[in-house]
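Quick notes on the structure that follows.
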Amino acid sequence: MAEGIRIENLVKTYGQGDTAVHALRGVNMSVAKGEVVGLIGPSGSGKSTLLKCLGAVIEPTSGRMTIGDRVIYDDGWKVGDLRALRRDLIGFIFQAPYLIPFLDVTDNVALLPMLAGKPNAEARKEARDLLEALDVAHRAAAMPSQLSGGEQQRVAIARALVNRPPVILADEPTAPLDSVRALAVVDLLNTMARQFETAIIVVTHDEKIIPTFRRLYNIRDGVTVEEGPAGSLGSDGAGKS
Amino acid sequence: MISLAGRDILHGWGKFVLTGVGLGLLIGVTLSMAGVYRGMIDDAQALLDNSGADLWVVQKDTLGPYAEPSSLNEDTERPIRAMAGVDRAAGVTYLTMQIAHRGKDVRVMVVGAEVTQPGEPGQPPYLMAGRRIVQGHYEAVADVKTGFAIGDQVKVRRNTYRIVGLTSRMVSSGGDPMLFLSLKDAQEAQFEKDADAIVRQRARTASSPALNPPGNPAVAEAVNAAQASSTNVNAVLVTVAPSADADAVAAAIRRWQRVTVYTRAQMEEILVDKMIANSARQIGMFLVILAIVSAAIVAFIIYTMTIGKIREIAVLKLIGTRNRTIAGMILQQALGLGLIGFAVGKIAATFWAPFFPKYVLLLPADSVRGFFAVMAICALASLLAIHAALKVDPAEAIGG
Chain P
1 MAEGIRIENL VKTYGQGDTA VHALRGVNMS VAKGEVVGLI GPSGSGKSTL
51 LKCLGAVIEP TSGRMTIGDR VIYDDGWKVG DLRALRRDLI GFIFQAPYLI
101 PFLDVTDNVA LLPMLAGKPN AEARKEARDL LEALDVAHRA AAMPSQLSGG
151 EQQRVAIARA LVNRPPVILA DEPTAPLDSV RALAVVDLLN TMARQFETAI
201 IVVTHDEKII PTFRRLYNIR DGVTVEEGPA GSLGSDGAGK S
Chain H
1 MISLAGRDIL HGWGKFVLTG VGLGLLIGVT LSMAGVYRGM IDDAQALLDN
51 SGADLWVVQK DTLGPYAEPS SLNEDTERPI RAMAGVDRAA GVTYLTMQIA
101 HRGKDVRVMV VGAEVTQPGE PGQPPYLMAG RRIVQGHYEA VADVKTGFAI
151 GDQVKVRRNT YRIVGLTSRM VSSGGDPMLF LSLKDAQEAQ FEKDADAIVR
201 QRARTASSPA LNPPGNPAVA EAVNAAQASS TNVNAVLVTV APSADADAVA
251 AAIRRWQRVT VYTRAQMEEI LVDKMIANSA RQIGMFLVIL AIVSAAIVAF
301 IIYTMTIGKI REIAVLKLIG TRNRTIAGMI LQQALGLGLI GFAVGKIAAT
351 FWAPFFPKYV LLLPADSVRG FFAVMAICAL ASLLAIHAAL KVDPAEAIGG
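Sequences listed follow chains P and H, in order. Under full-length UniProt numbering, think of the first position of the first sequence as 1, with each following residue one higher. Under full-length UniProt numbering, think of the first position of the second sequence as 1, with each following residue one higher.
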């Protein structure tokens, strides 16, 4: 499979000298298009820092990052407009859906393409198609506050997918859901990853869904260790905080 | 392009509109304050316009008759009337007093004007109802703001007058409605002494050998008669002939009559720049304070609204929304608030203006200036919230 995102020897150090905190100490990671991988690790291991580096929210100290064939970071950002990078190449799914409360479901999904300059009608059509694919089209006109938790998360997934980004970063997307809905969301992510050829990295603590990942990255002390499928996890209960 | 501000406003329109109404009432007060100031100027100008005069002849070295006491003999008008360039001249008296009417006290400016023929300076230039004063005594014309009706009897000092005509917008520079009497009646009202004062004055005259020479009682009677009446006026109002230059006529009167003469421009300066100046500064201070309070309220409201959306703003920034889109959303909300506030304020000010005891003049030009001022204040007030929004770290949307 073609490569979705690859990071090599990514380092992030906060501060300098004696007070320096080495959050990432040379992380390596690769996710193919259409693949969903889990990223687990105890609290303070560097998961959030890695997610922020991958999301171009904070700048790594060194290393290399590519999305598809495009070099994003190589000891410095290689793109001028990080906002446009996030808008066009990276989708985000958060622990809580964080839908915009004053926009209806369709416009929550259509917002990104609209902000990118796409005509409203076209953006809304794309949003409705996605909502159809995610089985929430019947709530297209509803406001976020009228949706169940599961429906909100589906809409959030649709929003992350709407620009067809090659990479989606999901930060604990199943945390607020019960096990049935959590597993359904993971199934959905797998389906969407295949359908849209998107590389999806799911940061999670949720033991219910950890067994479902074909590949897991376990991050400890700022270094990733690639684990195999569920069951091959270490006996120390990685993923528990 | 989707309007985030519009959607946000629509989503919580009740709160937004209520906030706008609150702001609007404050803006209404601000517009009314400006209207009060305009009303004072308009009252002053109405006073000058309605007097029908081009020149005001007053006691030498006084600012009379509106700004300072001024007393001239009514005969002053005769030589003035005969001067070149003078069309008409008439004595006039002004006296502000309180009149009891139907159980209420009405504050009026009693104006004494020549009534021998219509069109004399000092007379009301138009009537809304009834007729002008045609009798020498005991008739009056009132401004409608007095609340008097035709046929009403009003008591001024010892005498009772019948209202025979009504006029409007005849007010003093302080906004008190006018009550027109014949000059003789007004002089009596203005210079009349009370009974005790007359008795004492007569006793003093009687005891003075110079004023009451033995064997000649007619002298004392003449002195008493002179003391009990007055032929003084506060000013002589002059209209100049159409072909004459008012400044030149004023200069000639000053030179020959040993009086002070003011032209229309000078009298306007006395009324507006001198008499109203302090009030104008006072109102100006209120306007500045109200503008600051309005700005603070808008800033607080918009800031609070923005802080309440910090997580959404972080998400918007994370998913690639431009700063200018977010700043635009906040600015549009502030301007929207200003728009609602201005509309409510304008309606409120228009609605309550007639209930003010003094004339409130809401000029369209002031409303336009007020609109742009409100918009500018709202735009400035949104800066704090925009600053807060732009400082939001998109990383806040990501846990950890």
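The beta-carbon is built from N, C-alpha and C at its ideal position, and this holds for glycine as well. All values derive from a computational prediction rather than experimental measurement.
8 angstroms contact criterion, which residue i and residue j should meet: CB distance rounded
i	j	result
residue 293/H	residue 26/H	7 angstroms
residue 374/H	residue 351/H	No, residue 374/H and residue 351/H are not in contact; Cβ-Cβ is about 18 angstroms, not under 8 angstroms.
residue 51/H	residue 122/H	6 angstroms
residue 57/H	residue 240/H	So it is not a contact: roughly 12 angstroms between Cβ atoms.
residue 66/H	residue 173/H	5 angstroms
residue 99/P	residue 156/P	6 angstroms
residue 90/P	residue 79/P	Actually they do not touch by this definition, with Cβ atoms about 11 angstroms apart.
residue 302/H	residue 337/H	7 angstroms
Chain-ordered neighbours of residue i on chain P, where CB pairs are closer than 7 angstroms
i	result
residue 321/H	115
residue 8/H	102
Contacts that residue i makes with chain P (C-beta to C-beta distance below 8 angstroms)
i	result
residue 307/H	Residues of chain P passing the Cβ test: none, with the nearest at roughly 15 angstroms.
residue 318/H	55, 57, 86, 92
residue 325/H	115
Given residue i as reference, the closest of the options once Cα atoms are compared
i	options	result
residue 225/P	24/P, 28/P, 153/P	28/P
residue 34/P	12/P, 26/P, 3/P, 63/P	3/P
residue 208/P	161/P, 187/P, 198/P	187/P
residue 231/H	77/H, 172/H, 20/H	77/H
residue 154/H	189/H, 124/H, 134/H	189/H
residue 289/H	34/H, 8/H, 14/H	34/H
residue 98/H	156/H, 245/H, 36/H	156/H
residue 274/H	41/H, 8/H, 15/H	41/H
residue 308/H	2/H, 12/H, 176/H	12/H
residue 176/H	286/H, 145/H, 321/H, 376/H	145/H
residue 57/P	132/P, 82/P, 74/P	82/P
residue 86/H	347/H, 251/H, 376/H, 333/H	251/H
residue 32/H	354/H, 376/H, 143/H, 186/H	354/H
residue 248/H	83/H, 46/H, 3/H, 4/H	83/H
residue 3/H	148/P, 206/P, 69/P, 108/P	108/P
residue 20/P	54/P, 51/P, 53/P, 61/P	61/P
residue 64/P	91/P, 52/P, 6/P, 120/P	6/P
Residue range of the alpha helix (DSSP H) that includes residue i
i	result
residue 77/P	Residue 77/P -> no alpha helix (DSSP H), and no H or E assigned at all.
residue 321/H	Neither: residue 321/H is in no alpha helix (DSSP H) and is coded neither H nor E.
residue 77/H	77-81
residue 191/P	179-196
residue 98/P	First-last for residue 98/P: undefined, no H or E at that position.
residue 6/H	4-11
Listed by chain order, chain H residues near residue i by CB distance under 7 angstroms
i	result
residue 58/P	395
residue 107/P	2
residue 51/P	398
Any C-beta of chain C under 8 angstroms from that of residue i
i	result
residue 311/H	No chain C appears in this structure, whose protein chains are P and H.
Residues that residue i contacts on chain H, provided the C-beta gap is smaller than 8 angstroms
i	result
residue 101/P	11, 312
residue 120/P	1, 2
residue 83/P	317, 320, 321, 322
Under 9 angstroms from the C-beta of residue i: neighbouring residues of chain P
i	result
residue 315/H	92, 94, 98, 99, 100
Host beta strand (DSSP E) of residue i (start-end)
i	result
residue 10/P	3-14
residue 105/H	104-113
residue 180/H	178-182
residue 260/H	260-263
residue 101/H	86-101
residue 62/P	62-67
residue 58/H	55-58
residue 22/P	21-32
residue 124/P	It is not in any beta strand (DSSP E) - residue 124/P instead sits in the alpha helix (DSSP H) that spans 120-133.
residue 143/H	139-143
residue 363/H	Taken as a continuous stretch (DSSP letters only), residue 363/H belongs to no beta strand (DSSP E), as it is neither H nor E.
Neighbour list for residue i in chain H, Cβ cutoff strictly below 9 angstroms
i	result
residue 111/P	2, 4, 316, 319, 321
Practice problem: Assess, as a yes-or-no matter, whether the stretch 143-155 of chain P is touched by the stretch 96-110 of chain P under the definition of 3 or more beta carbon pairs within less than 8 angstroms. | Solution: A contact between stretches requires three or more CB pairs, one per stretch, nearer than 8 angstroms, and the stretch 96-110 of chain P meets this requirement with the stretch 143-155 of chain P.
Quiz prompt | Inter-stretch contact (C-beta, 8 angstroms, three-pair minimum) for the stretch 87-95 of chain P and the stretch 165-174 of chain P | solution = Result yes; three or more Cβ-Cβ pairs closer than 8 angstroms.
Quiz item: Between the stretch 125-142 of chain H and the stretch 91-105 of chain H, do three or more beta carbon pairs fall short of 8 angstroms?
Solution: Cβ pair count under 8 angstroms is below three, so no.
Self-check item: Cβ contact check for the stretch 52-71 of chain H and the stretch 381-395 of chain H: 3 or more pairs under 8 angstroms
Solution: With the cut-off at 8 angstroms, the stretch 52-71 of chain H and the stretch 381-395 of chain H do not touch.
Self-check item: Stretch-stretch touch, CB-based, cutoff 8 angstroms, three pairs: the stretch 259-268 of chain H with the stretch 88-103 of chain H
Solution: Taking a contact to require three or more Cβ pairs closer than 8 angstroms, the stretch 259-268 of chain H and the stretch 88-103 of chain H do not qualify as touching.
Quiz item: Are at least three pairs of beta-carbons, each pair with one atom in the stretch 302-316 of chain H and one in the stretch 389-397 of chain H, less than 8 angstroms apart?
Solution: These segments touch.
Quiz prompt | Three-pair Cβ contact test at 8 angstroms for the stretch 190-209 of chain P versus the stretch 161-168 of chain P | solution = With the cut-off at 8 angstroms, the stretch 190-209 of chain P and the stretch 161-168 of chain P touch.
Quiz item: Using 8 angstroms as the threshold, is the stretch 34-51 of chain P in touch with the stretch 215-225 of chain P, meaning 3 or more CB pairs across them?
Solution: Three or more pairs of CB atoms, one per stretch, sit closer than 8 angstroms, so the stretch 34-51 of chain P contacts the stretch 215-225 of chain P.
Quiz item: Counting pairs of beta carbons, one from the stretch 159-168 of chain H and one from the stretch 135-144 of chain H, are three or more of them closer than 8 angstroms?
Solution: Flag = yes, the stretch 159-168 of chain H and the stretch 135-144 of chain H touch.
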